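Protein sequence lines correspond, in order, to chains A and B.
With the first letter of the first sequence counted as 1, position 67 gets the number 66 in numbering that gives the first Met the number 0; the numbers rise by one all the way through.
With the first letter of the second sequence counted as 1, position 243 gets the number 242 in numbering that gives the first Met the number 0; the numbers rise by one all the way through.
Right, one structure below, let's go through it.
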Amino acid sequence: MVGQSAGRRALTATAFLAPSLTPLLLFTLGPMAASLVISLLRWDLLRPPQWKGLGNYAVLVADPDFHAAVGHTVFFILGYLPLAFIGGLAIALALNQKLGGLSIFRTIYFLPVVTSWVVVAFMWKWLLNPSSGIVNYALTLVGIHGPGWWTDPAWSMPSVILASAWKDLGFVMVILLAGLQAIPDDYYEAAAVDGAGRWARFWHITLPLLSPASFFVVVISLINSFQVFDQIWVMTGGGPVDSTSVIVLQIVQNAFSYGRVGYASAMSWVLFAAILVITLVQLQLQRRWVTYA
Amino acid sequence: MRRFFRIATAALAASFAMSACGQATTTVTPGPVKLTYFTFSAAPDHLNDLNTIIAAFHQKYPNITIDVQTASFNDYFTKLQTAIAGGTAPDTFELNYENFVSYSSAGSLLNLSGQASKDSGFQASVYYPRAYSVFQANSKQYGLPETFSDVLLFYNKDLFDAGGVSYPSPDWTWPDELTAAQKLTNTSKGVWGDFQPIQFFEFYKVLAQDGGQFLSADKKHATFNDAAGVDAATWLVSKVGKVMPTDAQLGSQNDEALFKAGKLAMWHAGIWEFASMKSAPFKWDIQLEPGKVTKAHHFFSNAVVASSKTAHPTEAWQWLRFLTSSSNAVKVRLDSSWELPAVADQSLFSSYLSQTPPANRAAVFKALDNIVVPPVIEQESQLQDIVSKSLAKAKLGQETVKQALDEAAGKVDALL
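Below, the structure written as structure tokens:
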């Protein structure tokens, strides 16, 4: 019978989905739903929770510390995203030559991506050490008195941006390189025949045909950089004087140091909503600039 | 996403576990009893010492076994909160004084006064009196003092000798410290005269040395931004860059490494540093901290407590009492240079006092004549962060001391 076979097919589908669906429900969607409820509570983990309605969200709107955290996060994104993208694109273009031994360089540039953030953050903290770091030492050789990197509130976020962009160059590079290699040589040959120079070929062929890969990189990087945390936790702990206190850092502090689990959950949901909206806007805007060959 | 989910996961786990609350029963089980004990002070260096104490306890109370769970101090309170929220609180656990109030006022702790009155062999006088009394709330005892420590002025004798400066004496005041620090600072050699951390814990102490009060008597207002507070904070920040290295000058080296390298003449540090300074390649000693209007020394204390949900309050009491005051426990703690047991009988400390360096170990106990305990409120972590951040702003010159303290006082008032 038709009904029976449809039922059996649904059962089979469910059985095949179960291994990945179960953890998703149990450890991702379930906790998300729970945190939505918790965001409506006042809860310090010790006492029984109290209903607070939208109170946490109301406090959030007026919280100067949260506003500052949003500002710091945006500062991070504005510094990190162009640096990682342009740097990654430059390396991808360089490694897209048809020369031997390039796979070694590809591996080298990708190494930081698979290295633990704790290791990378400590390394950068040493490199940028204001008194004994190699960066400031190198600067003195050319007569520049290096800044206080992570001890100076004006330089702490640039330090974090530098380390973050360096670590993620390889990721951007790999995606863009795949995009570059998917562009057929015919286009370049045809353009060359028509008299297009290097710059014209880059501008009118490479960039438009690379746009799907670029779009992917920008969406993923933006989602990740809204949630920047690990490197800041290790390099600066949010300091000096809150100059690197980003949104996720405040979520962690509120939940686990200040006993404000409901408030931290509300922050998480605001962050989630912001990322969702921005990603949806990007998906809309892509029609204007992304070319699928 | 990952981090968001990680936090959300913890929240759900806690909320699922929350529904399991209230299953704890208070029936006293006859026969074998297993107690859980959660500790931050034992791991990783003193697990064997703890096991020695447990073995002695088990000999005296063969029906009770102790199941030890450990966490590092940085993870300890997150785990503890989650366990309590999930209804799986350990039967017995450690708390430091700063966190004690949050847990006792939340009703997470077993009132030990009832157990104490049933135990004919128990004498509260066995404990150092102040350490015993700080773990009370509403005149009920919620914790037994386990250990204590204080902070003293460490000094490098070799640097003092080389500079021809006489050693710190017990009657020194801030100006004496500053004069010596100025003489001993030699920036071209990377030698600094003084180091005093600029954060919450030093601030409430120098405030007390300056005759100030951190909070009003009714604990409704911050008072640390008055004239004494400004003077105390100015004392801390004015040393930076002159007799004490800035953060940038310190770089990744911390104050401990600086002192250990023989590059620091005076250092305000805790007695827990004795062990790590044992191998220092120079002569050093300790002295009472200089005061201003009066003397004031830190008093840090850890207590052991029982969960209000424990099914075995009597056995928990027996374990806590043994852990804090039995002669076995006291001996193990002293012999292994763990932390100092908070017991009153000074004669027990003779082996500790006779060890050198430092020679002047008597100062560890002399400091207890003028102690100041941290100002503790329910939102303790926030209080500490607000004050430490305002001091950092003043240190970096972003704001004047007065501006920074006023701003912090406003934020603290909102917490009270």
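Quick reminder that beta carbons are idealized off the backbone N, C-alpha and C, glycines included.
Bear in mind the structure is a predicted one, so any value in this text is a computation, not a measurement.
Just the Cα atoms here: how many angstroms apart are residue i and residue j?
i: B/G21; j: B/G86; result: Bear in mind that a pLDDT of 36 at B/G21, under 50, signals an unreliable position, so the number given afterwards is only what the model happens to contain. Taking the straight line joining both Cα atoms gives about 7 Å.
i: A/T323; j: B/D368; result: No answer is possible for residue 323 of chain A: the residues shown for chain A start at 0 and end at 292.
i: B/L152; j: B/A207; result: 16 Å
i: A/A195; j: A/A91; result: 22 Å
i: B/G211; j: B/S353; result: 36 Å
i: B/T26; j: B/H311; result: In this predicted model, B/T26 has a pLDDT of only 44, less than 50, meaning its place in the structure is not dependable; the value taken from the coordinates is given anyway. Their backbone Cα atoms lie some 8 Å apart in a straight line.
i: A/R46; j: A/L40; result: 12 Å
i: A/L168; j: A/S213; result: 13 Å
i: A/V227; j: A/V247; result: 7 Å
i: B/L79; j: B/F199; result: 24 Å
i: B/F121; j: B/L319; result: 12 Å
i: B/V133; j: B/P144; result: 9 Å
i: B/R1; j: A/N223; result: The pLDDT assigned to B/R1 is 44, lower than 50, so where the model puts this residue is not dependable, and the model offers no usable value.
i: B/K33; j: B/G142; result: 20 Å
i: A/A120; j: A/M234; result: 6 Å
i: B/Y154; j: A/G258; result: 39 Å
i: B/T35; j: B/S307; result: 13 Å
i: B/A130; j: B/V363; result: 15 Å
Specify, as a first and last residue, the run of the alpha helix (DSSP H) that residue i falls within.
i: B/A305; result: B/A305 -> not in any alpha helix (DSSP H); beta strand (DSSP E) instead, spanning F299 to A305.
i: A/W165; result: P152 to Q180
i: B/F194; result: Segment W191 to F194 is the beta strand (DSSP E) holding B/F194; no alpha helix (DSSP H) there.
i: B/E201; result: F199 to Q208
i: B/L249; result: D246 to L249
i: B/V32; result: Per DSSP, B/V32 belongs to no alpha helix (DSSP H); it is in the beta strand (DSSP E), V32 to T38.
i: B/E314; result: P312 to S324
i: B/Y60; result: No alpha helix (DSSP H) contains B/Y60, which DSSP labels as neither H nor E.
i: B/Q114; result: S112 to K117
Would you mind telling me which residues of chain B sit closer than 8 Å to residue i, beta carbon to beta carbon, in chain order?
i: A/V240; result: K388, A391, K392, L395 and Q397
i: A/S262; result: The question names Ser, but residue 262 of chain A in the sequence shown is Tyr. Ordered by position in chain B, no residue passes the 8 Å Cβ test against A/Y262, which lies about 11 Å from the chain.
i: A/K124; result: S251
What did DSSP end up calling residue i once you bin it into helix, strand or coil?
i: B/K282; result: coil
i: A/K124; result: helix
i: A/R259; result: coil
i: B/D66; result: strand
i: B/D44; result: coil
i: A/P211; result: helix
i: B/G396; result: coil
i: B/R129; result: helix
i: B/T24; result: Note on B/T24: pLDDT 40, under 50, position unreliable in the model; the coordinate value appears next. Coil, per DSSP.
i: B/M0; result: Low per-residue confidence applies at B/M0: pLDDT is 41, beneath 50, and the placement is therefore not dependable enough to give any value.
i: B/E338; result: coil
i: A/Q283; result: helix
i: A/L98; result: coil
i: B/E145; result: strand
i: B/F252; result: The sequence shown places Gln at residue 252 of chain B, not Phe. Three-state result, B/Q252: coil.
i: A/Y136; result: helix
i: B/L158; result: helix
i: A/W42; result: coil
For a contact meaning CB atoms closer than 9 Å, what does residue i contact in chain A?
i: B/D90; result: Correct list: empty, because the minimum Cβ distance to chain A is about 17 Å.
i: B/G250; result: N128, P129, S130, S131, G132 and T150
i: B/S101; result: D43, L45 and G258
Provide the residue span of the beta strand (DSSP E) that contains residue i, from first to last.
i: B/W266; result: L263 to G269
i: B/N95; result: T91 to N95
i: A/V294; result: The displayed coordinates of chain A run from 0 to 292. Any statement about residue 294 of chain A would go beyond what the structure contains.
i: B/F153; result: V150 to N155
Against residue i, what residues of chain B qualify as contacts under a CB-to-CB distance less than 9 Å, listed in chain order?
i: A/W116; result: Going along chain B, no residue has its Cβ under 9 Å from A/W116, so there is no contact; the nearest lies around 11 Å.
i: A/S224; result: Neighbours of A/S224 on chain B: none; closest Cβ ~12 Å, over 9 Å.
i: A/V147; result: The question names Val, but residue 147 of chain A is Gly in the sequence shown. The contacting residues are T245, D246 and A247.
Taking C-beta pairs closer than 7 Å, name the residues in chain B that residue i reaches, listed in chain order.
i: A/R105; result: Those do not exist, as A/R105 stays about 25 Å from chain B at its closest Cβ, beyond 7 Å.
i: A/G194; result: Here the premise fails: no neighbours, minimum Cβ distance about 48 Å.
Just to make sure I have the definition right: I need the residues of chain A whose C-beta is within less than 7 Å of the C-beta of residue i. Which are they?
i: B/Q381; result: Y257
i: B/Q135; result: The premise fails here: B/Q135 is roughly 19 Å from chain A at the closest Cβ pair, so nothing lies under 7 Å.
i: B/T77; result: F255
i: B/Q58; result: Correct list: empty, because the minimum Cβ distance to chain A is about 35 Å.
i: B/Q68; result: Near B/Q68 there are no residues of chain A at all, since even the closest Cβ is about 18 Å away, more than 7 Å.
Check the Cβ of residue i against every Cβ in chain A and list those closer than 8 Å, keeping chain order.
i: B/I83; result: L44 and L45
i: B/A105; result: D43, L45 and R46
i: B/Q212; result: Here the premise fails: no neighbours, minimum Cβ distance about 25 Å.
i: B/Q378; result: Y257 and G258
For the pair the segment 373-385 of chain B and the segment 153-163 of chain B, tell me if three or more CB-CB distances fall below 8 Å. Result no; under three Cβ-Cβ pairs closer than 8 Å.
Contact between the segment 402-410 of chain B and the segment 137-154 of chain B is defined here as three or more beta-carbon pairs at a separation below 8 Å; is this criterion met? no
Under 8 Å, with one C-beta from each stretch per pair, do the segment 145-161 of chain A and the segment 187-194 of chain A reach the 3-pair mark? They do not touch, by the three-pair rule.
Would you check if there are 3 or more beta carbon pairs closer than 8 Å linking the segment 389-397 of chain B to the segment 220-236 of chain B? yes
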